[in-house]
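Trainee:
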Amino acid sequence: MIRCKDCGASQYEGTLYCSECGRNLLHDQRQATDVLPFSEFAHRSPPPPVAEPEIINLNEGKPITFVVPSSRHRYTILLSTQIKIGRAFEDDSENSDPFLDLTPDNGMELGVSRIHALLQWSNQGIIIMDLNSTNGTFLNNHHLPARKPYPLQSGDELRFGELLVHVFF
Amino acid sequence: MSSESYYDALGLPTSATLKDIQKAFAALIGKFSEESSKVSNPEYEKLLQAYEVLSDKTRREIYDSLLVETSPPALTLTVQSSRQKIKLTDSAQTVYFLLEVIPPTHATRSRRPINLCLALDRSTSMQGERLNCLKTAVELIIDKLAPEDIITIISYSDRAEIVTEPTHIKNKNTIISHIRNIQASGGTEIYQGLLTGIEQMRQMPLQNYINHLILLTDGHTYGDADQCIQLAQKASQWNIGLSAFGIGSEWNDLFLDQLVAPSGGRSAYIAEPTQIIDFLQDRIKGLGIVHGRNLRLKKNLPEKVTLQYGFKLLPFAQPLELEGSEIKLGNLEGKGGVSILLEILFHPQEHESKITIPFEITAEITEQNNQQQKLSAQIQIIHANNPPAAEPPQDIVKAVRMLNMYRMNEKVWEDLEAGHVGAAATRLRRLTTRLLEAGEIQLAQQANAETERLANVGELSEEGRKRLKFGTRAMIGQTMKIEDTHDPL
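The listed protein sequences derive, respectively, from chains A and B.
Final position of the first sequence in the working numbering is 194; the numbers increase by one with none missing.
Final position of the second sequence in the working numbering is 717; the numbers increase by one with none missing.
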């Protein structure tokens, strides 16, 4: 889906004029296609979900880098057990897990849920899990079923709602 | 083998009788009386062959059946799409298709006689200027028709009256005196007028004519709308085309659209009585020169796509009825080609793939004895990872732009019917902007006036609704016609 820049209506890709306000969407879509990079990684075939991963606590954290192409932001977060991804950092003492806050990346407008997904270190490598988000989590363009762990590789393309993020480690 | 057919060799039409064949052969064979002129002369051999085949009933039948297949196609179908390659994503995507059916450039312009019926509303509300203009218009129309054409005139209110039974145009004076005697009274019951008109038309051998009924009304029909639509469907099967024009603002535009849909005819709004003549004339123009009759598009799309919307752009702008297994496109008239625009939704695909979209239009070819011709074309749409950016064809962009304004206006009405006055007002304001951008000043002013009315009284005027609906619709046809300079007829 694409979003009309005049009236905000959701339109199918390929629509030439916005059905709600009549804006010419052709120009907008041309630009949208140019923004998406990292094509060589973007369409890896879907991995099978990881069966019963054993979550490991690392003594020394592993740096994970997230690159958000649309906002040109780059975040590096140390992964010891898990990293939550969303747009609200819950600042309570019990929950000291690191959090990737996508609010500065227009997360709200692009459909990122408050607590959208989870990254974990397991005996089978790094895994990603969708936490029942409203607009879904996509791994290399494949819609992940909620609450199922999937293995992640460096360079993979993640999409939270409509926000594209690349992950490197 | 020579491209000349056996009929050509004998100088005869394909409809020639056995006697014709014998006569022609006897006359032609005389040329080869000298023995020397016969030896290895291809002309002579061809003549013998032709006679041998065509004088034998069984062999002629076989030959005829082959002949049809080798004759050049009467009509051609071309298809363009807004994109050939679409990105592999997880959401559905829109692709537009522009279909054009055109007659061959060398097509003979032989005109067929028209069997025309005018069903005229003579309810009380027609009294005065409307009826006077109508009478004048009909008299002028009769002047435009050819002597061999047939005209039937019906006037109707709550019952129908035959003004003139099917009559040759050459008896012009009788017809005109009948028209002048039409008196206004009563309500509007369209079914009566329609039924009587069609019954009268059917007294003529319909296969020899281009049959068309034009209905004029200025009022809502009461309780017989469903009957009317059923009758319109039957009429289309009998090869009777239907056009419907509404005068003033007190009629039901959705009903008239439905009424003309089965035959692919035209419905339009006549704002001023003085315009009646223009609309009638425009409708009659080219009516007798029909290259293909009863064009219909088969709906056999693959499951991976959904047909969202269809609209006829040429020869006149008209929404298409998408229900059923075939979409009726009307006749291919002397005015030029038939163009339609389809909006098709492609469902998300998991892998790179190719979807073939087949299009098949069937038509009866007037110049070939109403023989059926199937026109096929197909387009492959590829789901790919990184499709290169490609510009959609300008004709598609233009048509979609205009069509979108028409559809925005339709949605204003839908919003209102659902009670969403605020949404309707917002939409109408946006439409005003788009109309201004397109240089449609008059329509923009109308839209603006209706926006204000909506803010003040919470509703639109019937007149404004029709002006906007048919105004934006006419805009589509005009845009497409600018580059489409077919010779006027």
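Every residue, glycine too, gets a C-beta built ideally from N, C-alpha and C.
Return the residue from the list Cys32(A), Ile153(A), Leu41(A) and Lys87(A) that minimises the CA-CA distance to Arg629(B).
Mentor: Ranking the options by Cα distance to Arg629(B), first place goes to Leu41(A).
Trainee: Out of Leu104(A), Gly86(A), Ala142(A) and Gln36(A), which has the shortest C-alpha to C-alpha gap to Pro113(A)?
Mentor: Contrary to the premise, residue 113(A) reads as Ala rather than Pro in this sequence. Here the closest residue by C-alpha is Ala142(A).
Trainee: If you reduce the DSSP assignment to three classes, tell me which class Ser275(B) lands in.
Mentor: Residue 275(B) is actually Leu in this sequence, not Ser. DSSP places Leu275(B) in helix when its eight states are reduced to three.
Trainee: Alpha carbons only, please: which of Ile108(A), Cys43(A) and Asn84(A) is nearest the one belonging to Cys29(A)?
Mentor: Among Ile108(A), Cys43(A) and Asn84(A), the Cα nearest to that of Cys29(A) belongs to Cys43(A).
Trainee: Could you name each continuous alpha helix (DSSP H) segment of 4 residues or more that falls completely within the segment 425 to 501 of chain B, going from the start of the chain to the end?
Mentor: List check, alpha helix (DSSP H) in window: 453 to 465 and 481 to 488.
Trainee: Using a C-beta to C-beta distance shorter than 8 Å, which residues of chain B count as neighbours of Thr40(A)?
Mentor: What Thr40(A) touches in chain B: Thr322.
Trainee: Return the CA-CA distance between Tyr279(B) and Lys247(B), expressed in angstroms with no decimal places.
Mentor: Approximately 12 Å between the Cα atoms of the pair.
Trainee: Contact defined as beta carbons within less than 8 Å: I believe Pro78(A) pairs with Asn148(A). What is the distance between those atoms, to the nearest angstrom?
Mentor: About 6 Å separates the two Cβ atoms, so the contact holds.
Trainee: Apply the 10 Å Cβ neighbour rule to Leu487(B) and answer buried if 16 or more other Cβ atoms are within range, or exposed otherwise.
Mentor: Buried, by the Cβ-count rule.
Trainee: Are the beta-carbon atoms belonging to Gln321(B) and Ile330(B) less than 8 Å from one another?
Mentor: No, the pair does not count as a contact, with Cβ atoms beyond the cut-off.
Trainee: State buried or exposed for Met636(B), treating a residue as buried only when at least 16 other CB atoms are found within 10 Å of its CB.
Mentor: Result: buried.
Trainee: Determine the chain A residues that contact Met708(B) at a beta-carbon separation under 7 Å, and present them in chain order.
Mentor: Simply none; closest approach about 15 Å.
Trainee: Between which two residues does the beta strand (DSSP E) containing Lys87(A) stretch?
Mentor: Lys87 to Val93 is the span of the beta strand (DSSP E), which, as asked, contains Lys87(A).
Trainee: Helix or strand or just coil, what does DSSP make of Gln706(B)?
Mentor: Correct three-state label for Gln706(B): helix.
Trainee: Given that a residue counts as buried once 16 or more other Cβ atoms are within 10 Å of its Cβ, and exposed if not, what is Leu368(B)?
Mentor: The residue is exposed, with fewer than 16 neighbouring Cβ atoms inside 10 Å.
Trainee: Would you call the CB atoms of Asp506(B) and Asp349(B) closer than 8 Å?
Mentor: No, they are not a contact pair.
Trainee: Per the DSSP calculation, His575(B) is bridged to which residue(s)?
Mentor: Answer by DSSP bridge pairing: none, since His575(B) is not bridged.
Trainee: Could you compute how far the alpha carbon of Gly180(A) sits from the alpha carbon of Ile89(A)?
Mentor: Taking the straight line joining both Cα atoms gives about 11 Å.
Trainee: One question on the structure: do Arg139(A) and Met154(A) come within less than 8 Å of each other, judged by their Cβ atoms?
Mentor: No, Cβ-Cβ distance for Arg139(A) and Met154(A) is not below 8 Å.
Trainee: Can you give me the Cβ contacts of Arg287(B) inside the same chain, cut-off strictly under 8 Å, excluding the 5 residues immediately before and after it?
Mentor: Hits under 8 Å: Glu280 and Val281.
Trainee: Going by alpha carbons, who is nearest to Pro621(B) out of Val307(B), Ser243(B) and Thr502(B)?
Mentor: The candidate whose alpha carbon is nearest that of Pro621(B) is Val307(B).
Trainee: Taking 8 Å as the threshold, find out whether the segment 385 to 400 of chain B comes into contact with the segment 412 to 420 of chain B through three or more Cβ pairs.
Mentor: Short answer: they touch.
Trainee: Indicate whether at least one CB of chain A lies closer than 8 Å to the CB of Ser385(B).
Mentor: No, because no Cβ of chain A sits closer than 8 Å to the Cβ of Ser385(B).
Trainee: Determine the burial state of Leu103(A): buried for a count of at least 16 other Cβ atoms within 10 Å of its Cβ, exposed for fewer.
Mentor: Exposed is the call here.
Trainee: Using the Cα positions of Gly150(A) and Ser105(A), report the straight-line distance between them to the nearest angstrom.
Mentor: Those two C-alpha atoms are separated by around 12 Å.
Trainee: Which value, in whole angstroms, describes the spacing of the CA atoms of Arg693(B) and Pro170(A)?
Mentor: C-alpha separation (whole angstroms): 48 Å.
Trainee: Beta-carbon within less than 7 Å of Glu561(B)'s beta-carbon, same chain only, minus the 5 sequence neighbours each way: which residues are those?
Mentor: Around Glu561(B): Gly514, Leu515, Ile517, Val518 and Pro543.
Trainee: To which residues does DSSP link Gly558(B) through a beta bridge?
Mentor: Paired residues: Leu523(B).
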